[in-house]
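What follows is a set of notes on a single structure, which appears directly below.
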Amino acid sequence: MRFVDDWSILLNMTESTRDKLIAISIQTMAVKGFNNTGISEILAVGKVPKGSFYHYFKSKDDLGFAIIEEYGQQMRRSLEEHLASAQGPALNRLRSYFIQILESFEGNFCACNCLLGNLGQELAIQNPAMRDAIFTHYRAVERVIEGVLRQAKAEGDLATSADEAVLAKMFFATWEGCLVRSKLEQSAQPLRDLIDLYFLVVFPGKK
Numbered sequence: 008m009r010f011v012d013d014w015s016i017l018l019n020m021t022e023s024t025r026d027k028l029i030a031i032s033i034q035t036m037a038v039k040g041f042n043n044t045g046i047s048e049i050l051a052v053g054k055v056p057k058g059s060f061y062h063y064f065k066s067k068d069d070l071g072f073a074i075i076e077e078y079g080q081q082m083r084r085s086l087e088e089h090l091a092s093a094q095g096p097a098l099n100r101l102r103s104y105f106i107q108i109l110e111s112f113e114g115n116f117c118a119c120n121c122l123l124g125n126l127g128q129e130l131a132i133q134n135p136a137m138r139d140a141i142f143t144h145y146r147a148v149e150r151v152i153e154g155v156l157r158q159a160k161a162e163g164d165l166a167t168s169a170d171e172a173v174l175a176k177m178f179f180a181t182w183e184g185c186l187v188r189s190k191l192e193q194s195a196q197p198l199r200d201l202i203d204l205y206f207l208v209v210f211p212g213k214k
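Take the sequence shown: its position 195, counted from the start at 1, is 202 in this note's numbering, and no numbers get skipped.
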């Protein structure tokens, strides 16, 4: 299981023009951002006529909301599916998910991305509606992590005094920041340090 920004898989599988445009947009905007990606560029890559774009999307912003929704849903689902299929205690299952993402970046740090994080930095001030849409998906992921931490507390692996909501929020925020750091350093070490810090020190805490 892997959740990264290789949306070529979806692109090859889909027969829907709408899904194709979303997949191309995600791939392109992961590199160039929202403002620097033009509709004409997306249409050229997909070999889709301009009229088809406006059949599915009212505007570029409308496409942007569809991208945020698709990416956010996939991000949350991939985490939930891994947690459901992985074996062992709650913290181990959560750790193994982020380890798999980390390992998928090895040798390809240009893919060290979270599109929602990128778009959040780019659009938070200039487009409040998109900011709110992105934040909604951040919170959805945080709630999944919060549920894992609650289970870890029941298993005796998380301090009873720990605030699961705060820990989930801070862990995910730090993960997003370390994605940027790893890209800058062209190294997975910031992500490894984060995982070690949280799973060996912060989450266990003082029981």
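All C-beta atoms, glycine included, are put in the ideal place defined by N, C-alpha and C.
> Roughly how many angstroms separate the alpha carbons of Y104 and F142, rounded to a whole number?
Replying inline: C-alpha separation (whole angstroms): 21 angstroms.
>> With H, G and I counted as helix, E and B as strand and the rest as coil, what does DSSP make of D200?
In response: In the structure shown, D200 adopts helical secondary structure according to DSSP, grouped into three states.
> Excluding the five sequence neighbours on either side, which residues of its own chain have a C-beta within less than 8 angstroms of the C-beta of I16, listed in chain order?
Replying inline: Unreliable positioning characterises I16 in this predicted model, as indicated by a pLDDT of 48, which lies under 50. A coordinate reading is not provided.
> Looking at C-alpha atoms only, which residue of L186, N43, I29 is the closest neighbour of N115?
Replying inline: The candidate whose alpha carbon is nearest that of N115 is L186.
>> With the cut-off set at 7 angstroms, would you say T181 and L201 are in Cβ contact?
In response: Less than 7 angstroms separates the beta-carbon of T181 from that of L201.
>> Helix, strand or coil for T44? Go by DSSP, reduced to three states.
In response: Coil at T44, not helix or strand.
> L207: buried (16+ other C-beta within 10 angstroms of its C-beta) or exposed?
Replying inline: Answer is exposed; the Cβ neighbour count stays below 16.
> Among residues of its own chain, excluding the 5 on either side of E171, which ones have a beta-carbon nearer than 6 angstroms to its beta-carbon?
Replying inline: E153, L156, R157, listed in sequence order.
> In terms of residue numbering, what span does the alpha helix (DSSP H) encompassing P135 cover?
Replying inline: Counted as a single uninterrupted DSSP element, the alpha helix (DSSP H) harbouring P135 occupies residues 135-161.
> Going by the CB atoms, is the gap between G53 and L86 shorter than 7 angstroms?
Replying inline: Taking 7 angstroms as the cut-off, the beta carbon of L86 is found no closer than this to the beta carbon of G53.
>> Which residue wins for smallest C-alpha separation from I106, given the options R199, R146, D68?
In response: The shortest CA-to-CA distance from I106 to any of R199, R146, D68 is the one to R199.
> If we count the other Cβ atoms within 10 Å of its Cβ and call it buried at 16 or more, is T167 buried or exposed?
Replying inline: With fewer than 16 Cβ atoms within 10 Å of its Cβ, T167 is classed as exposed.
>> I need the boundaries of the alpha helix (DSSP H) containing E76, first residue and last residue.
In response: It spans 67-92 - the alpha helix (DSSP H) in which E76 sits, taken as one unbroken run.
>> I need the straight-line Cα distance from W14 to L165, nearest angstrom please.
In response: Note on W14: pLDDT 48, under 50, position unreliable in the model; the coordinate value appears next. Rounded to the nearest angstrom, the two C-alpha atoms are 36 angstroms apart.
>> What does the alpha-carbon distance come out to for the pair L90 and E149?
In response: If you take the alpha carbons of L90 and E149, they lie about 14 angstroms apart.
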